[in-house]
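What follows is a single structure, written as structure tokens, with notes after it.
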Amino acid sequence: METMKRTKVVDAFDASLYGTRINVKGWVRTRRGNKHINFIALNDGSTIKNIQVVVDLSKFTEAEMKPITTGACISVIGTLVESQGKGQQAEIQAESIELYGGADPDVYPLQKKGHTLEFLREIAHLRPRTNTFGAVFRIRHHLAYAIHKYFNDRGFFYLNTPLITASDCEGAGAMFQVTTLDLNNVPRTDDGAVDYSADFFGKPTSLTVSGQLEGELGAMSLGAIYTFGPTFRAENSNTPRHLAEFWMVEPEVAFNEIEENMDLAEDFLKYLIRYALDHCQDDLEFLSQMYDSELIERLKFVVENDFVRLPYTEGVKILEESGHKFEYPVYWGADLQSEHERFLVEEHFKKPVILTDYPKEIKAFYMKLNDDGKTVRAMDVLFPRIGEIIGGSQREESYEKLLSRIEELHIPMKDMWWYLDTRRFGTAPHSGFGLGFERLVLFVTGMTNIRDVIPFPRTPKNAEF
Ligand code: 4AD
Ligand code: MG
Numbered sequence: 001m002e003t004m005k006r007t008k009v010v011d012a013f014d015a016s017l018y019g020t021r022i023n024v025k026g027w028v029r030t031r032r033g034n035k036h037i038n039f040i041a042l043n044d045g046s047t048i049k050n051i052q053v054v055v056d057l058s059k060f061t062e063a064e065m066k067p068i069t070t071g072a073c074i075s076v077i078g079t080l081v082e083s084q085g086k087g088q089q090a091e092i093q094a095e096s097i098e099l100y101g102g103a104d105p106d107v108y109p110l111q112k113k114g115h116t117l118e119f120l121r122e123i124a125h126l127r128p129r130t131n132t133f134g135a136v137f138r139i140r141h142h143l144a145y146a147i148h149k150y151f152n153d154r155g156f157f158y159l160n161t162p163l164i165t166a167s168d169c170e171g172a173g174a175m176f177q178v179t180t181l182d183l184n185n186v187p188r189t190d191d192g193a194v195d196y197s198a199d200f201f202g203k204p205t206s207l208t209v210s211g212q213l214e215g216e217l218g219a220m221s222l223g224a225i226y227t228f229g230p231t232f233r234a235e236n237s238n239t240p241r242h243l244a245e246f247w248m249v250e251p252e253v254a255f256n257e258i259e260e261n262m263d264l265a266e267d268f269l270k271y272l273i274r275y276a277l278d279h280c281q282d283d284l285e286f287l288s289q290m291y292d293s294e295l296i297e298r299l300k301f302v303v304e305n306d307f308v309r310l311p312y313t314e315g316v317k318i319l320e321e322s323g324h325k326f327e328y329p330v331y332w333g334a335d336l337q338s339e340h341e342r343f344l345v346e347e348h349f350k351k352p353v354i355l356t357d358y359p360k361e362i363k364a365f366y367m368k369l370n371d372d373g374k375t376v377r378a379m380d381v382l383f384p385r386i387g388e389i390i391g392g393s394q395r396e397e398s399y400e401k402l403l404s405r406i407e408e409l410h411i412p413m414k415d416m417w418w419y420l421d422t423r424r425f426g427t428a429p430h431s432g433f434g435l436g437f438e439r440l441v442l443f444v445t446g447m448t449n450i451r452d453v454i455p456f457p458r459t460p461k462n463a464e465f
């Protein structure tokens, strides 16, 4: 076949190209027709839209046409014309077709009939070829880009924090250990303990659960930073909202107090959702038609309305007085469950809620203690259908108070000396938060299981692909 510059399908719907010869390449979604004429729906991933390839069978042999089945990859040269058919803006009248690779219809798992999302999870290596996952992963990309754009436009610096760490930021102990020790022959010290001096780093290390502690060092030098990277949690939660490997965005800002932190979180979320509404129209419309007719309305609603800001104590009072029967009991001091968070957001306020000032016992050691001595300047942003989408706080800037909290919780000092140094040398108020990227993608796409918004999900007992 003659060589020609390839046109992406997304660019082929440009009326100024009508009448010209173009070359498109992609995967066959469907092929239908009769003895004389065939229609191939071709998709190359650049857009949810397929381009229709019209094949006059008198110009092609049976042998040429036979392997052109669902899933096959082809290159087509032909003239782009305005389509006569309903719902197609443009089509290509095929002159020549080159087969890159066939897909035996007897074994190719993605036939044109609709598959369940559960089945597609088992073929995560092929599912991006479906409309649904194409849409989800394109939206995921646009949101990732928008995150960098948001911060860059506002003078934040992108700081890369380590993935391998010797400290447990959240103190939850849900960490994946990193070791090069031979687990079948673990070196021991004289008293029988594991001899970590023989390990790669000479001490126990894990995959990070959050880049925050190092992010704070960045804020206390560059002023405003953000991290955006993979995060690992070995919590055994098999829920539609938890992954063992997820991506987190963590801004940290010197001199911001909790109110400014809330303003940043609200503005940031609204910006990202608006960005998706503006840049992912086709994909959002598809997902809304397929799964969730209220999706676009819900996104607009969040962008257009103020979030409710409410202290934890008042939130608990509302829950207690609601008369609603919850699976988990609710009382002052309880760590709120997703059902509680969603009740506040979906039933009571019918708006996103920022819950603040949680009891110190259920929050991490680094949060700033309030004057009441009982609560900390925490803020969780709660979203409809998701529950907690952001968790953040103002940080304890007092060396003495932070040290006493570390001691109270028996956090090993040898892991924390460098963190405490920020409070010894030029300490200042500062705040930040963590946005779970997949929870954002979940909200924006209207999907219901977090396994369906990351290309290759990692969950308990699942590390396939
Ligand atoms: O609330 P978390 O645990 O907060 C932190 O890690 C802080 N160090 C952040 C900070 O202040 N810089 O996690 C932050 C967010 C949650 O609100 C949630 O959206 C997401 O990360 N998240 C998860 N997402 C998917 N799977 C999991 N297992 C998650 N755990 C937390
Ligand atoms: Mg949290």
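Take 1 as the starting number for the sequence shown in our numbering and just add one per residue.
Just so you know, even glycine gets a beta-carbon here, dropped at the ideal spot from N, CA and C.
Because the structure is a prediction, the values reported are computed rather than measured.
Q: State the DSSP-derived secondary structure class of T161, mapped to helix, strand or coil.
A: coil
Q: Taking E294 as the reference, give the member of G446, T130, S58, E98 with the closest Cα.
A: G446
Q: Figure out for me which residue from K300, T7, G223 has the closest Cα to the Cα of T427.
A: G223
Q. Taking C-beta to C-beta, are G432 and E216 nearer than 9 Å?
A. yes
Q) Since G436 contacts M248 with CB under 8 Å, what's their CB separation in whole angstroms? A) 6 Å
Q: My understanding is that H430 touches E397, with C-beta atoms under 8 Å, so please give their C-beta distance in whole angstroms.
A: 7 Å
Q. Can A428 be considered in contact with ligand 1, in the sense that its beta carbon sits closer than 8 Å to one or more heavy atoms?
A. no
Q. By Cβ distance below 8 Å, which residues in the same chain neighbour A219 in space, the five residues on each side in sequence not counted?
A. I225, E252, V253, A254, H430, G432
Q. Taking C-alpha atoms, which residue in V441, E304, F301, L336 lies nearest to I318?
A. L336
**Q.** Alpha-carbon spacing of I362 relative to F465, whole angstroms
**A.** 36 Å
Q) Contact between the segment 20-39 and the segment 59-78: three or more CB pairs below 8 Å? A) yes
Q) To the nearest whole angstrom, what separates the beta carbons of S237 and M416, a pair I think is in contact under 8 Å? A) The pair is not a contact, with the Cβ atoms about 27 Å apart (cut-off 8 Å).
Q: Output yes or no for whether 9 Å exceeds the beta carbon distance between D283 and R138.
A: yes
Q) If you compare alpha carbons, which of A41, T116, H36, I48 is closest to L287? A) I48
Q) Mapping DSSP to helix, strand and coil, what is H115? A) coil
Q: Look at the alpha carbon of I273 and the alpha carbon of Y145, and state the distance between them as a whole number of angstroms.
A: 12 Å
Q: Rounded to whole angstroms, what's the CA-CA distance from A193 to E245? Just pull it up for me.
A: 29 Å
**Q.** Validate contact between the segment 193-211 and the segment 123-139 using beta carbons, cut 8 Å, 3 pairs
**A.** no
Q | Reduced DSSP secondary structure (H/G/I, E/B, other) of W418 | A | helix
Q. So is I68 buried or exposed if we call it buried at 16+ other beta carbons inside 10 Å?
A. buried
Q. Do E91 and I77 have their CB atoms nearer than 9 Å?
A. no
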